[in-house]
Amino acid sequence: MEWIKYTIHTTDEAEDLVCAMLEELGITGVEISDTAPIPEEDAGLEFGNILPKAPENDHKALISFYLDKDEDPEMLLSEIKKGILELKDFNIDPGSGEVTRDTTKDEDWINNWKTYFHQFTVDDILIIPSWEDAAPKSEASMVLRIDPGTAFGTGKHESTQLAIRALRKYLKPGMKFLDIGTGSGILSVIALKSGASYAFGTDLDPAVVPAIADNLSRNDISPEDFPYVLGNIANDPEIQKACGDGYDVVAANIIAEILAEITPAVPQRLKKGGIYITSGILTTHADIVRKAMADVGLCIIEENILGEWESIIAVKE
Numbered sequence: 002m003e004w005i006k007y008t009i010h011t012t013d014e015a016e017d018l019v020c021a022m023l024e025e026l027g028i029t030g031v032e033i034s035d036t037a038p039i040p041e042e043d044a045g046l047e048f049g050n051i052l053p054k055a056p057e058n059d060h061k062a063l064i065s066f067y068l069d070k071d072e073d074p075e076m077l078l079s080e081i082k083k084g085i086l087e088l089k090d091f092n093i094d095p096g097s098g099e100v101t102r103d104t105t106k107d108e109d110w111i112n113n114w115k116t117y118f119h120q121f122t123v124d125d126i127l128i129i130p131s132w133e134d135a136a137p138k139s140e141a142s143m144v145l146r147i148d149p150g151t152a153f154g155t156g157k158h159e160s161t162q163l164a165i166r167a168l169r170k171y172l173k174p175g176m177k178f179l180d181i182g183t184g185s186g187i188l189s190v191i192a193l194k195s196g197a198s199y200a201f202g203t204d205l206d207p208a209v210v211p212a213i214a215d216n217l218s219r220n221d222i223s224p225e226d227f228p229y230v231l232g233n234i235a236n237d238p239e240i241q242k243a244c245g246d247g248y249d250v251v252a253a254n255i256i257a258e259i260l261a262e263i264t265p266a267v268p269q270r271l272k273k274g275g276i277y278i279t280s281g282i283l284t285t286h287a288d289i290v291r292k293a294m295a296d297v298g299l300c301i302i303e304e305n306i307l308g309e310w311e312s313i314i315a316v317k318e
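So the sequence shown is numbered by my numbering: it starts at 2 and just counts up by one.
Here is the structure:
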């Protein structure tokens, strides 16, 4: 198959937001190239490793994605260019924002990243990608087998780790859980394996359908135990009706701007004393979510930061 490679010329300051924008547009497989220095915790320097000399950081970033050559990209590219210009409204430098294109026949480009992705732990949870055969001996209290497919969510990203830790803290056996922007379904799988009596998910991207089915099967969870719908809970009454109410915990791991849109729909879903877990928030954009929570009467009880990302947790009093 022949693919067209599109590359966005941006900055390292904007790359996380550009990737989040692409995800919202249904593009979840991207390549990122920049000259930002590798953090010590990711470089293994605590074990005495020595990194090769890296080029000076020029703060430029290239973000590439692939489309089938037969796809019409015009509407998508128009939305991308519009989104890049909007970053300036948040005082983010998007760079030139130019989008260039090239042709490739590498049919397996979407799977090449798996070579570098291996099992890992988030506290007491061992997460194993589907392409690895067996887990080593581990003291983990929970083992998950997850394949994100083309839907975002393996648990390795800092924002997902923050969401997982909050979920493990606040969700107790027998509770009802609502997973907004479920992606691969990883949070709902964890909730159900932690004893949740019920989990329900929403998402906008049809790519979640095969990812969720595979991940439920790999973790011995029946599809009947995790119903979900495709649609926007922020403004679609039918989706809101399908979700219902009376939830003990609602979680949403989405960028701040989207969280601000969906937060007004959350209090109606929560029971009194229910917990709202948000993540996917760049620390520089946390005020957007704080204001959205305050506007609907939710009381913030905890905030946690990991790298550039923040989780904000609120309660319905």
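Backbone N, C-alpha and C define an ideal beta-carbon position, used for all residues, glycine too.
* Take residue 234 as the anchor and find which of 161, 315, 244 and 87 has the nearest alpha-carbon. => To locate residue 234, count along the sequence shown from 1; it is residue 233. Residue 244 is the option with its Cα nearest to residue 234.
* Which one or two residues does DSSP pair with residue 11 in a beta bridge? -> Here residue 11 corresponds to residue number 10 of the sequence shown, with the count starting at 1. Paired residues: 62.
* **Length-filtered (3 minimum) beta strand (DSSP E) runs lying within the stretch 154-206** => As far as the stretch 154-206 is concerned, its whole beta strand (DSSP E) runs of at least 3 residues are 177-181 and 199-204.
* To do: Taking residue 241 as the reference, give the member of 264, 64 and 128 with the closest Cα.
  => Here residue 241 refers to the residue found at position 240 when the sequence shown is read from its first residue. Ranking the options by Cα distance to residue 241, first place goes to 264.
* Give the DSSP-derived three-state secondary structure of residue 322 in the structure shown. => Outside the displayed range of the chain (2 to 318) lies residue 322, so it cannot be described from this structure.
* How close, in whole Å, do the beta carbons of residue 270 and residue 179 come, if the pair is a contact with beta carbons under 8 Å? -> The residue given as residue 270 occupies position 269 in the sequence shown. The residue given as residue 179 occupies position 178 in the sequence shown. Residue 179 and residue 270 do touch by the CB rule: their CB atoms are close to 6 Å apart, below 8 Å.
* **Local conformation of residue 130 per DSSP, three classes** => Numbered from its first residue, the sequence shown carries residue 130 at position 129. Assignment of residue 130 by DSSP, reduced to helix, strand and coil, places it in the strand class.
* **Three-state secondary structure (DSSP) of residue 219** => What you label residue 219 is simply residue 218 of the sequence shown in a count that begins at 1. It is helical.
* To do: With distances taken Cα to Cα, identify the nearest neighbour of residue 189 among 268, 147 and 28.
  => Here residue 189 refers to the residue found at position 188 when the sequence shown is read from its first residue. The shortest C-alpha to C-alpha distance from residue 189 to any of 268, 147 and 28 is the one to 147.
* **As assigned by DSSP and simplified to three states, the class of residue 317** => Sequence index remark: in the sequence shown, residue 317 carries index 316 (1-based). In the three-state reduction of the DSSP assignment, residue 317 falls in the coil class, being assigned neither a helical nor a strand state.
* Asked: Which residues in the same chain as residue 194 place their Cβ atom closer than 8 Å to its Cβ, once the five residues preceding and following it in sequence are excluded?
  -> Residue numbering aside, residue 194 sits at position 193 when the sequence shown is read from its first letter. Cβ within range, chain order: 143, 145, 220 and 222.
* Provide the residue span of the beta strand (DSSP E) that contains residue 34, from first to last. => Numbered from 1 along the sequence shown, position 33 holds the residue referred to as residue 34. 32-35 is the span of the beta strand (DSSP E), which, as asked, contains residue 34.
* Asked: Which one or two residues does DSSP pair with residue 280 in a beta bridge?
  -> For the purposes of this step, residue 280 is taken as residue 279 along the sequence shown, with counting starting at 1. For residue 280, which the question treats as bridged, DSSP gives the partners 254.
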